[in-house]
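Residue numbers (our numbering): -19 to 219. One structure below.
Below is the structure:
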C-alpha cells in the first residue's frame, strides 16, 4: 500500500509539473495584462472554481470551507505569501526579460528546495544533492542553447525578479512542509481567493486601469483552470 501511495503521489506531482510548465507560455500569450491584474484574475478564477468543486461535496464540502477560518495565521501567511509573491515576481520577470532567460532563472527553484530542505528536521544536505540540481540546470541551458546565455544588462530587473521568484517558491515549499503539513488540500482554494483579493487591491492602487480583451480572458481562463488551478489541487498543500 505504501508503494502504491508513493507512486500515485509521484504521478500527480508529475502532472502538476507539466501544467506548471505551460505557465510561462500562457503568461507570454496574456500580452500586456499588468502583473497585479493578471495575478488577481487568474487566482480569482482558480479560487472560485476550486471552491465550487469543494461545495459540490455537500455537507462535507461546506464543513471544509467553514474550517478555513480555523487555520492558523502562520498557515495563511505562508500560503498567501508564497502564492502571491512567487507568481507576481514570475509575471514581472516575463514582462521585463526574455521569456527563455527568465524561465531558466526561475527554474532554480528546485535547487532552492534541495538547499532549503537541509533545514527540515531529520534532513541533511549532501554534496550530490547540489550536484544533481546543478547538472539538471546545466542540461537545460545546453538544450536551450545560445538564447539562454545571451545576458543583457537592460533585462537585469527581469532577471532579479526571476531569481526572487525561485527563492520565494523554494522557501514556500519548505516552509509549508515544515509548518503546514496538516493543512488540508482544500485550503488551497482559500489561498487562491485571498491572493486574488490582495493582487486586485494592488492593481487598483499601483497599476493603470487595463480592460482585458477576449484573447486575454481566454488565456487567463486557461491559466486559472490549469497551472494556477488544477496543478495546486493535484499536488495539494504538501510539497
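Glycine included, C-beta positions come from ideal geometry on N, C-alpha and C.
Sub-8 Å separation of residue 221 and residue 135 beta-carbons: A question about residue 221 goes unanswered here, because the residues of the chain that appear run from -19 up to 219.
For residue 187, the three-state DSSP class (helix, strand or coil): Three-state result, residue 187: coil.
Backbone secondary structure at residue 77 - three-state DSSP: Coil.
Test: residue 13 CB closer than 8 Å to a CB of chain C: Going by chain labels, chain C is absent from the structure shown, which holds only one protein chain.
Under 8 Å between C-beta atoms of residue 175 and residue 63: With respect to residue 63, residue 175 sits close: the two C-beta atoms are nearer than 8 Å.
Own chain partners of residue 184 with C-beta closer than 8 Å, once the 5 adjacent residues on each side are dropped: Cβ within range, chain order: n/a, list empty.
Cα-Cα separation, residue 57 to residue 162: Each residue's alpha carbon lies about 15 Å from the other.
Test item: CB-CB of residue 182 and residue 66 under 8 Å: No, the Cβ-Cβ distance between residue 182 and residue 66 is not below 8 Å.
Alpha-carbon spacing of residue 27 relative to residue 168, whole angstroms: Residue 27 and residue 168 have their C-alpha atoms roughly 8 Å apart.
Residue 165 (DSSP reduced to helix, strand or coil): Coil, per DSSP.
Straight-line gap, residue 82 to residue 138 (C-alpha atoms, nearest Å): Taking the Cα positions, residue 82 is about 7 Å away from residue 138.
Among 190, 16, 173, the one whose alpha carbon lies nearest that of residue 31: Relative to the Cα of residue 31, the nearest Cα in the group 190, 16, 173 belongs to 173.
Distance CB(residue 150)-CB(residue 2) smaller than 8 Å: The Cβ atoms of residue 150 and residue 2 do not sit closer than 8 Å to each other.
Distance, residue 152 Cα to residue 208 Cα: One C-alpha to the other measures close to 16 Å.
Neighbourhood of residue 48 by C-beta distance below 7 Å, restricted to the same chain and skipping five residues each side: For residue 48, where only same-chain residues beyond five positions count, the Cβ hits under 7 Å are 167, 170.
DSSP state of residue 182 mapped onto helix, strand, coil: Residue 182 carries a helical assignment under DSSP once its states are collapsed to helix, strand and coil.
In chain order, each beta strand (DSSP E) run of at least 3 residues that lies wholly inside the segment -2 to 75: With a minimum length of 3 residues, no continuous beta strand (DSSP E) run stays inside the segment -2 to 75.
Neighbourhood of residue 189 by C-beta, 7 Å cutoff - its chain only, sequence neighbours within 5 removed: Cβ neighbours of residue 189 beyond the five flanking positions: none.
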